[in-house]
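Following this note's numbering, the residues of the sequence shown are numbered contiguously, the last one being 170. Cβ atoms here follow ideal geometry from the backbone N, Cα and C, with glycine treated the same way. Keep in mind it's a predicted model, so treat the numbers as computed, not measured.
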Amino acid sequence: MARVKHLFRAPQKHAPMEELREAVAVQDAGIEGCAHARPMGKRQVLLMDEETLRAFELAPGIVRENVTTEGLDVNGLAVGQKLRLGEVELQASLVCDPCEQIEALRPGLQAEMQGKRGMLCKVTRGGLLKAGDEIELMESAAKS
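Right, dumping it as structure tokens:
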């Protein structure tokens with residue numbers, strides 16, 4: 027069973043991430059209080075799986091994800107895939123490309139993480155997110 031392992035928000039851009047026990051996801055905006063949350067923005071919520079972090083020997087939150095998952099291949103999600111995390115619904119919108127902040131963690135890491143930095147999602151139904159919430163894959167937008 028896939029679940030939410032950690033929750034984070036950026037109080038300011040480029041500031042260290044804050045770990046949270048619970049967070050409010052705002053429909054079509056992102057995590058309440060996160061500097062990256064913007065109505066209709068492309069980077070509303072960043073998902074990253076713990077398994078990929080472990081493979082790169084990285085700590086949760088270090089790649090600036092909002093939700094660290096366990097038991098879900100985040101990098102294998104298709105754009106358009108819908109997910110339910112507790113009472114929150116997300117839709118995968120864009121593969122997150124590693125940037126210079128990733129390179130600053132370790133030289134060469136930006137290239138190594140190409141296609142493996144997680145998935146950006148839109149919040150299609152807001153609500154409370156909690157560490158430990160189950161993650162359910164829903165029918166994707168492409169299916170009818």
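A41 has its alpha-carbon roughly 21 Å from the corresponding atom of P65. For the 7 Å CB-CB criterion, L33 and A157 form a contact. Note that the stretch 142-154 touches the stretch 44-55; at least 3 beta-carbon pairs, one per stretch, sit closer than 8 Å. Secondary structure note for R80: its alpha helix (DSSP H) is the uninterrupted segment E76 to A81. The closest CA to that of L111, considering only R47, E58, D159 and E165, is found on D159. Burial check for L163: the Cβ neighbour count within 10 Å stays below 16, so the residue is exposed. Per DSSP, A28 lies in no alpha helix (DSSP H) segment and is marked neither H nor E.
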